[in-house]
Each structure stands twice: as structure tokens, then as C-alpha cells.
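Just so we're aligned, residue 1 is where the sequence shown starts under my numbering, counting upward by one. To start, the structure itself, in C-alpha cells.
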Amino acid sequence: MEWNTFLRSDDFLCGSFIKNGALTLVDAEQGDSSPDNNMTTRLKTTSSEDHLLKTPEQKPGLARAKQFSPGHTRKLGQTRKIRYRRDFKDEENPEERARHLKELELKPLYKELLYTIAHKMGKSASTEVFTDSQLHQYIKEALTMTEDEHNSLMDKVQNAEPPVYCLMATVKEAKEILGKDVSGFSDPYCLLTILEDEEERRTRRSRAKASKYVVKDAVSDDKIYQTDIKKQTLNPIWNETFILEFEVLVGASFHLEMWDKDEEVSLSQKLEEFTTNFSSLSRIIKEVKKEKGTDDFLGKVVIKLQDLHCTEDNWYILEPRTETYPNRGQCHLKLKFIHKTRDDTLSPGRNAYINYCGILEQFVLSYISKQKSSTPWKGELCGEAQTLLEYYATQNDLSPFLQDLAKWLAYSKLCQSIEVDSSLLLQQLTCVEYHWHQQELPHQQKQELGDSLHGFLHYGLHLVSKYRDVFPPTQSATQKLHTLLRILVQICKTQAFQKMNPADFEVHDEVADAVQTGTQEWFTNKKGLHQPMTKEPAEIISALSKLIEEIRDDIKLNKDVWNRTFVSAVQVDAFTAVYKTFDSLLATEVRETLSEMEGRIDQGLANSLFPVYLSLQAIRKDKAFVQKRGLLKLSNFHVSFREAQPYWLKQMFNTTMDRVERAVKVDQLQPLNSGDVPIKHSSSAVDLAACIQPVCDLWEQMSWPDPEEAFMLMVKIVEDVCKIVVTYCHSLKDRARMLSKKSDQGSAINLLCVVVNDLEYLRSVLAQLPTQLNWAGLRERTQHVIGESQFHNTLPLQVQQAQGILRRQIRSALDMLSRKLNTDIETHVRGMSTRRRIPSKSIEDAATPLMRYLEKELHDMNQNLVQENFNSLLTPLWNNSMKILHQMVSEHSQQEGFMVFCHRLLYTLQCLEQCFYGEGNGLPLNVLHSDEYKTLKNYLTHHSLSSRQLVDKFLEGKIWEQRVIAGEKYGAVTLLASYRRSDQRLRVEVLNAVNLLPMDSNGLSDPYVKLCLEPYHTFPLVEPCCTQIKSCDLNPLFDEAFEFLIGLEQCQAPGACLVVTVLDHDILRTDDFEGEAFLSLKDIPGVARGDGKDGQNFHPDVPPAQIRLPLTHPKPNENNILKLLESRKGEREIQAFVKKRRQREKQSREQSQAQHAHFFFSSKNIEFALMN
1 MEWNTFLRSD DFLCGSFIKN GALTLVDAEQ GDSSPDNNMT TRLKTTSSED HLLKTPEQKP
61 GLARAKQFSP GHTRKLGQTR KIRYRRDFKD EENPEERARH LKELELKPLY KELLYTIAHK
121 MGKSASTEVF TDSQLHQYIK EALTMTEDEH NSLMDKVQNA EPPVYCLMAT VKEAKEILGK
181 DVSGFSDPYC LLTILEDEEE RRTRRSRAKA SKYVVKDAVS DDKIYQTDIK KQTLNPIWNE
241 TFILEFEVLV GASFHLEMWD KDEEVSLSQK LEEFTTNFSS LSRIIKEVKK EKGTDDFLGK
301 VVIKLQDLHC TEDNWYILEP RTETYPNRGQ CHLKLKFIHK TRDDTLSPGR NAYINYCGIL
361 EQFVLSYISK QKSSTPWKGE LCGEAQTLLE YYATQNDLSP FLQDLAKWLA YSKLCQSIEV
421 DSSLLLQQLT CVEYHWHQQE LPHQQKQELG DSLHGFLHYG LHLVSKYRDV FPPTQSATQK
481 LHTLLRILVQ ICKTQAFQKM NPADFEVHDE VADAVQTGTQ EWFTNKKGLH QPMTKEPAEI
541 ISALSKLIEE IRDDIKLNKD VWNRTFVSAV QVDAFTAVYK TFDSLLATEV RETLSEMEGR
601 IDQGLANSLF PVYLSLQAIR KDKAFVQKRG LLKLSNFHVS FREAQPYWLK QMFNTTMDRV
661 ERAVKVDQLQ PLNSGDVPIK HSSSAVDLAA CIQPVCDLWE QMSWPDPEEA FMLMVKIVED
721 VCKIVVTYCH SLKDRARMLS KKSDQGSAIN LLCVVVNDLE YLRSVLAQLP TQLNWAGLRE
781 RTQHVIGESQ FHNTLPLQVQ QAQGILRRQI RSALDMLSRK LNTDIETHVR GMSTRRRIPS
841 KSIEDAATPL MRYLEKELHD MNQNLVQENF NSLLTPLWNN SMKILHQMVS EHSQQEGFMV
901 FCHRLLYTLQ CLEQCFYGEG NGLPLNVLHS DEYKTLKNYL THHSLSSRQL VDKFLEGKIW
961 EQRVIAGEKY GAVTLLASYR RSDQRLRVEV LNAVNLLPMD SNGLSDPYVK LCLEPYHTFP
1021 LVEPCCTQIK SCDLNPLFDE AFEFLIGLEQ CQAPGACLVV TVLDHDILRT DDFEGEAFLS
1081 LKDIPGVARG DGKDGQNFHP DVPPAQIRLP LTHPKPNENN ILKLLESRKG EREIQAFVKK
1141 RRQREKQSRE QSQAQHAHFF FSSKNIEFAL MN
């Protein structure tokens, strides 16, 4: 991690022992603080005064080997408190200083490494094998020694006292060994020694016979070591360490024998075991044969020393002496080559731990200096360095704890000067914590570790305080920050830190404090960087704006990038700490700066303040992400900008008005027909909509916090927008008037269409204003300070007034277009009436000029107008067309050929309906089918028909009325009717009549039924038929049948019906009218089935159907068809039909009056009778 860019490497000393790139000399201090003192308490060996180790046959009471004397062990890691040597003066030149540094720091290390290479033992764990010359060449480059210096130091090392070679053997445990005792278990112990080739050969020659003891007579007893005896077990655990000296590695071998200790036991005890465990019989027999006190052989391990690595920790198979019991279990051994003593003159005043630390740092620096990659160092070293470090640590018996401690100290110091992978520090910290629970450190190393952890913690917190610079907002940098925070957390969790730093130290609080402190420093630095050059208000505001903008960006980065890192690593809400710090600092800065501007605000200064306000508003919105918010000092920052607010609105209004005026001046009022969807408004309408959008953006940006002031601000904004819209409307009309002067009539109409479209587009834009300005949100904010009526009577009213102006202007333009079209339509319609009479087949030709004109004009209007305006134009145009047609009908109703003219107008009306409907794209049918349209259509339909067609239509109307009549006010007649196609006979049987009205003075009637087929022009030869008269009966039963010989085509003709009339027979005067009914012949069975035109098809006669017909009375003077027929005086047949229908109306009327009078006199008579 490249942290040294911002911090000097000696700012924080993490228990360091390194200064200026090399080791610093320290004084050795004798005492019990050596880390090896703890280790030597576990070592067991024999002194020169001890008795020699005897075999079990000769010395059954062999004493255990004594513990190895602490004086024989080299004291490791023994240091006093670090103090730096000042052996050369600061004023010395760099070359002299480097020479002194090499003499005092590097050469002692170099000699130690040469000594290690010269006396290395065992194989290295590295996969590569290096010769001595390769190792010499490496250390010469790593420690920057010349060839002469190398040769000189090599001579010193060769003349130095050689070390005592030793094999440190730790017998840890065994498993699955043989059970030699009667109980099935053993009492195992181990004998250890090292045999060299000469001793082994001499021992074999001196033996008289084969012996089962390998080490017996091989070496002296003082070189044989024995472990403790573990009672009654097959899986013994010893964990005992022995140091075995040897002189020559080649040819020497390590021997371990495992024996079962056999104690003398009485016969009674053996018998007792026999009775309790019968399976041990064979073992008892062996015991009887065996010599008293003789131990049993369990197995052996023999390893050649030259096959061993410098450190090994493995399970070894216990080999048998014979093949009797090949599987004898395994023994766990840890073997390590060490130097019992080394020449102290090579690095006087130093111990192995200090030298190891120095060597490690030099190797790391050498490796990194050769690397060309810019990636962080991940702890890798070359093979030579790893091999030398392993040999040196092994020979000096440096424990893994001390090695990991040295690595932690070195790496934590190096990370301050070079880029080190953070995971490497975490790994070493984990190793130190693991060893802390396994092994006790000397006091001095404890102190170093505590100082290192505490120093690195403060160093890391210092980096955290400068995280903006050290860890920029990139993925790789934030990952490094995350790892650093994890290291800090891990340090505080370690037992070493907690034990050596008893004071409460919460990393969560410390990191939060570091973030806050760093934020304050960052703010101070940025404020100094943006100090105004002069005292001019504009300069001061500009400096404040730049400062706030940087703070805004920093808050955003903290929220989006760094905060996630802090939360995930140490559960610290860095964003909240940063935001609250900036809130306090920025509120003070803004208040002090703007207080100096009070009373000096003008338009230019207000414009400069607007970006400041927006930045503060953006910062204020971020408070939604703050945890445990509380009262923030920036909450009322808007108060300082009240004086500038009117200037902002004025600037917005003036700028928008200027843009609108320029947009209208360059507008040619041509539709923007671009893209797949045609745009029918001009460029200025688009520009105006674009000009209104910044006004809405201004409101959104300001987001004025005070609700009441925000409402007043909204009123002003809406007022300004409405003024802009109205001004645009007038400017656009003036522009269209100016352009139309230079255009023909068609172009002028097109210009007017574009103006209408622009106004309609603007009206739609204005309708969206409440949504764009979020009136609903404003209403919710102001509901406690602004009344509902006040709100809705202010803002919506302003928009409605502006939209009303636009609607009036649109209506005025459309009326102008409509008037021109109506004039042309009237001209074409009048042309149809003035042409000479032409046959009916030429009706289409008469209407063609009008339809061609409408098709062209409406097509142009549809192309030029938007759909809303086009529909708005069609509605009055349609209504005016109806008025024109109605006017034409009224003017020509008395002229010759009126029926042909009505026929033309009816055809024209149908064509106009299709034209204005436009297959669903024009006016809807409910608008087209107005009352005026229906009246006109009926009128034209009737007047365009012949008299006979009118009679047919009249009868069809009567048939329809008969079908829908409800009730039997005048009684009813029941018929049985059918039509036989076989002989073309219509059979009608009058069954009865019911509930007839009394027509005579006696309260009864003399009814009969008259049957007549209508219309006359369809049935000219068919005579009416009458039933017999039934005297004094209101419910007569007739049962009379009548047959009419008529064709099927006659029955299916339009209006063909059977008119059933019920009359009251009078002798002295005309028969009274009871009522009438109309039965369509198509409803009679036999008529509706088939068309009767295919003579080859056989149609069987159907049974008759009984039909009940309610009687009706005609309504006088309410039928327009009769009136129309009555006006056609020249047709006798028709006039006879009209006369008959008028008589029926008269009879109905007279009968109603008579009934009313009869009812009146009857009531009076009843009343008189009651009075008497």
C-alpha cells in the first residue's frame, strides 16, 4: 500500500529496529529475559558428571537423564529497550555516512550469513537447491558488498570458531504401538542417540553375539537420552525435547528405540491377572520364560542425518527387529539442526533475533528493488533469501513466534515506505496472535510487539484521517482502505494488544474521530485554497461557491464510495460523521459570508449567489441519508438568500421573454413535418415549451424550504408563465398577420392553421404546468398554513385565465376558417337548386361539386390542423351545413320539382355525414346525429319520396306503433290467420273482440269488424270484408272466416298490412268508431318463410296463428306524412287515402268527446242521486 506518499516513514515507529534503511546497533543485555530460557526448561539431556546410560540387562534401575543445563543454551531474542546509535555526525557527507553504515550495520550481518552458509546442516524446504557459491553471490548483491569486502569477511569467518552441531529432537507422541504387558498395554519409553559410522562399526565388532539392543555399547551412556515412562498405554504422549551433539553430518544417523518397561511382579499378582483376563495366558507364559526385569522391544526409528531437512516434523513408522510383528505403530518426531554455540565475535553486541530482523529487511529491500512491477509486494522472496533465512533461524533455534514477530515488525515498518500488500500484514498479525496463545514472549519482545501494534494503530488512524488523499475513490484504493481498517480492527482484537494496552481503546470511536478530524483539516485546507484574491463581493461569492462545490462532491463520494467501506469494515457511518462536520462548518461559513453582503445585493451578485444556493440545496437533500439526524445547522440556510430571491425570478422572466420574442421573429409559421409522426406546430411553439421547462426546473432546484414563502414563490412563477404565454399569443398573431400580407389566400389559410396548432400545443403545455410544478406536493406542504380555498382560488385560477385567453384565440381563428367554408358550401348548395330539372339518376352528379370541394378542403384542414383543432372546426362546420340545407329547403318548398330537389339534398346530407364522420376519424356519430340533423333527414326523406312510397311509409309507422302499444284501452280483437302458398290464399278468421267501449245510450254497443288490405295501390282488386253485427255486446264472439286471393309478392310488399276496424252499428246515423289495429302481412305464418320466387321449391302450408291485436285510435294532425300527402292535391288515390285517415281522426276525436260527456253526465246523475 503506497502510504508513504503522504507520511514520512519515521513519523510513526512501530516498535522499529530499522532506521535509514539498515539495522541500528543495540546493546545485548544478559538476563533471564531470553526467549530461549522458556525453551530450555523443556530440554532434557545429561551432563558430563552423570552416569553412563546402561542397558536394561545390566542396570535395571537406570536413572532418567537430567535436564539440559540452561547455561548450555544460547540466549535468543534478548534485547533492551531500543536506543539509536549516533556513531557518526549528522554533518558528515553521504558517502562517509554510507561507509559507516556498512561497517556498523551490514558487515556484521554479512559475516553471520557467511557463517551460516559455511556451517549449514540439512536440506532446505525450498524446492530449489543452491550451491554455496550461489548463496555467496546472492548475499553479496543483497548487502551491496564488493569482491574485496567479500573476500576479507570470508577470511574472518573461516578463522572463526566453528559451532557445536546439534540435532534437537522432540519426541511428541506415538500411536498404535504393541501391547507387551499381560493387561494388553505397555509402559513405553524411548532411547535416543546419534551414531556415527566409525562408532557403529566398532560396536558391531566388539559384540560376541547378536544383541537386540542397537544403541547398547554403541556410544557412551552420556550420549544416550531417555524419555519418561508412560504407564499402561498404546498411544503415549511425551512432548520431550533433547539436544544431541554430533561432529560430522555425513555418515551419522539418528537412532530411536522404543521399549516397554518391565517391572518385577509377584506370582500372586500374575495369577490374579490371569483369573481376570484369560486372554493374557500367552503373555503370562512369556513372562515366566523371560528374565526378570528385562524390557520388551517395541520398535525403532533410524534416520540418516544427511537425509534430513534442517527442520522436520513427521510421523515415522516403528521398524521391527524381526518380521514377527511388522506393524508396530508410529512415532511423531520433530527434528531440527541447531548450533549449540556460535562465534560471538562475528556480530558483537547482537543476538540472533536482532540479526534475523536485519537480514529479513535487507532481503526484502533487495527483492523489491529488483522488481519492475508496480504491484504491491505480497511477501514473496527469491529462493536464496528463503533458504538463508530458514538456515539462520534453524541454526539459531529461533522459534516460529520470534520469526513471525520479526516479520510483523519488518512488514509493518516497511509498509510506511514501500507499497506492501495489506493482506500480508493481516496474515502476519494472525500468526502472531496464534503464537501468543501457544508461547510466552520475553519482556523485551513483548514491549516491542506492544509498541509496534500501538504505533501502527496510530499510523493507520492517521492514514484514515487522510483517506481522501491516500485512498482515492477507485476500486483498488477503497479495497486498500478496507484492508487497512480490518488490520486496525484485528490489532484491537489481539490478546497482545489488549494485554499490553489496558486502557479502553474502541477502534470504532477512534476511526470515527479520525474521520471527523480529517474532515475538519480537509475543510480548512480547501478554505485556504479558495481564499478570494480581493475583498470584492463577487470574488468572495465565487470563492464560497467553489468551496461549497468541492464539499458537495466530497459528500457525494463519501455517500457513494467511502461510507460502504467504513461500514463494512468497522461499522462506522463515515457519511454521517462527515455530513455533520460539514454542516457545522459550512453553516458558519455561509452565515458569516452572506452577512457581509446584506444590503449590497444587485442583479449580478444575486446571479452569483444562485449556484451557491443550489449547491447548498443539494447538500441539504443529502441529509436524508444521515443516521441519528438531530437538528442540523444548515436547515434554515435559505434565510440568508431571501434578498436575492426576487432577482432570480426577474432574471428568469426577462431571459424567457427575450427567448420567446426571438423565437417568434424567426418563425416562418411552417409545420415541423419531421420524422414518422408529423408535427403540425411551428418552431416557436417548441421553443416556448422549452422556455417554460427551465422555469419549472428553477422551482425544482430552489425547493424553497419555508412552506408559506414557497406558496408565494409559486404564485409569482405561475403569474410570470401566464404572462409569457399571453405575450406569445399576441406576438404570434402579429407575426401571422404580417406574413399573410405577402401570401395568397391558400397560404394565408395554412398560416392560420399553424397559428391555431401553436396555440393548441401551448394550451396542452399549460395544462401540464400543475404536474410539472408539482402542485400536489406543494399543497401537502402548505396544508397547515394555506387554506384549501385560498390555494385553489389562486394557482388554478391563474392557469384557467390563461387557458381561457388561448381558447378564445383558437375559437376566433377557427370561426374565421369556418365562415369561409360555410360560404362556399352555401354557394354549392344553391347551385344545386338553380340547375334545370334532371333525372333522378343524375342526383350524384348534382352533389359532386360540393363533395369534391369538401373533400379537398377538409383533407387540407386535416393535414394542417392537429386533431383537437380539426374536430373543433368540424363541429360548427357541420352545424352550419345543417342550417344551410334547412334554409335551402325552406326557400324552395313551393317551387316546381321540389321532390327532386329534396332527393338531391337527402343524398347530399348522406354524403356530408360520411365525409364528416371520416370512418371514425372525424366527428363521432352522437355529435353528427343531432336533433336538427334528425329533423332535416326526416323532412328530406319524406319529401323525396313518391306519394305511394309515403303511404307505404305511413302504414309501416302504424305497424310499428301497433307492435309497441301497451295496454288495451279501447279493447282488443283476436284473429286466427295464415297464408297458404299452395293456392295463394290469405285466410283470416275473426274469433272475438273484448273490452269494447260502450257506444250506445244503453251502455252497450252493436259491434262488427271490418277487414281491409292496405295500401290500395298494392291491393287494388281486393274488396273489404265485414263480420256480422253483434247486438248489445261489448265482448262479441264472431267466429267468422274470410279468404283473400293475393300473391306472395303482394304480401311482402312495403307497408302491406291488414287493417282491422271495429265499428258500432247505428241505424239512424253513421257507425261509431270503436278502434282499429294494423297487422303486417309479413307477421302472418306462411308469408315470412321463403321469398316465394323459386317455383321449384315446395313450401308446405303452415298452421294458422292466433293473434291478439289491441285496438288504437289515431292521433289527429300529428303525422307529417299525412300532411305531406295532403299537400299533393293532384293525385286522387292519395287524396282518398288521406280523406279516409282524416275521417278516422275525426271519428276518434268525436268519440273521445262523447265519452267524456257521457262520463260527466253519469257522474252528475250519481251525485244527484246521492244528494236525494
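Beta carbons are placed, not taken as given, at the ideal position from N, Cα and C, and that holds for glycine.
- Excluding residues up to 5 positions away in sequence, Val432, Gln445 and Leu449 lie with their Cβ nearer than 7 Å to the Cβ of leucine 405 in the same chain.
- Taking C-beta atoms under 8 Å as the contact rule, glutamine 798 and valine 718 qualify, at a distance of about 5 Å.
- In the DSSP assignment, glycine 918 is bridged to no other residue.
- In the DSSP assignment, asparagine 607 falls within the unbroken alpha helix (DSSP H) covering 603-621.
- Sixteen is the threshold: when 16 or more other Cβ atoms of the shown chains lie within 10 Å of the Cβ of lysine 230, as they do, the residue is buried.
- Cβ atoms of aspartate 952 and proline 1054 come within 8 Å of each other, at about 4 Å.
- Between cysteine 691 and aspartate 697, the alpha-carbon positions lie close to 10 Å from each other.
- Under the three-state reduction of DSSP, isoleucine 965 is assigned to coil, being neither helix nor strand.
- DSSP places glutamine 330 inside the beta strand (DSSP E), whose first and last residues are 330-339.
- Each of Lys934, Gln226 and Asn151 was checked against the Cα of phenylalanine 242, and the nearest Cα belongs to Gln226.
- Straight across, the Cα-Cα distance linking lysine 1115 with tyrosine 933 is about 25 Å.
- Look at the beta carbons and you see the region 870-878 not touching the region 934-947: under three pairs across the two are nearer than 8 Å.
- A contact between stretches requires three or more CB pairs, one per stretch, nearer than 8 Å, and the region 574-589 meets this requirement with the region 625-641.
- By the CB criterion at 9 Å, asparagine 992 and proline 1036 fall inside the cutoff.
- With respect to isoleucine 1084, tyrosine 1016 sits apart: the two C-beta atoms are not nearer than 9 Å.
- Cβ atoms of glutamate 112 and tyrosine 165 stay farther apart than 8 Å, at about 17 Å.
- Where histidine 100 is concerned, the enclosing alpha helix (DSSP H) starts and stops at 94-101.
- According to DSSP, residue pairing for methionine 168 in a beta bridge involves Ile243 and Lys336.
- Apart from the 5 residues on each side of it in sequence, leucine 751 sits with its Cβ closer than 7 Å to the Cβ of Leu669, Ala736, Leu739, Ser740 and Ser743 in its chain, given in chain order.
- For leucine 762 and valine 725, the gap between their C-alpha atoms comes out near 8 Å.
- As a beta-bridge residue in DSSP terms, alanine 1077 pairs with Val1060.
- At a Cβ-Cβ threshold of 9 Å, valine 511 and valine 578 do not count as neighbours.
- Distance between leucine 1058 and glutamine 962, taken at the CA atoms: about 12 Å.
- Judged by beta-carbon spacing, alanine 252 lies within the 9 Å limit of aspartate 197, meaning their Cβ atoms are closer than that value.
- Nearest C-alpha to glutamate 240 among Ser186, Lys304 and Val171: Val171.
- In the displayed model, phenylalanine 1019 falls within coil according to three-state DSSP, outside both helix and strand.
- DSSP, reduced to helix, strand and coil, places proline 1007 within a strand of the structure shown.
- Under the 8 Å Cβ criterion, the region 349-357 does not count as touching the region 327-334, having fewer than three qualifying pairs.
- Boundaries for glycine 299: no alpha helix (DSSP H) harbours it, while the beta strand (DSSP E) harbouring it runs 296-304, taken from the DSSP string.
- Straight-line spacing of the CA atoms in aspartate 307 and glutamine 158 works out to 26 Å.
- By the Cβ neighbour-count rule, proline 671 is buried, with 16 or more other Cβ atoms within 10 Å of its own.
- When DSSP states are grouped into helix, strand and coil, aspartate 197 belongs to the helix group.
- Closest by C-alpha distance to alanine 776, out of Arg904, His792, Leu766 and Val765, is His792.
- By DSSP's assignment, leucine 975 forms a beta bridge with Val990 and Ile1107.
- Note on geometry: alpha-carbon atoms of cysteine 310 and leucine 388 lie some 11 Å from one another.
- Taken in chain order, no unbroken stretch of beta strand (DSSP E) lies wholly in the region 125-149 with a span of 3 residues or more.
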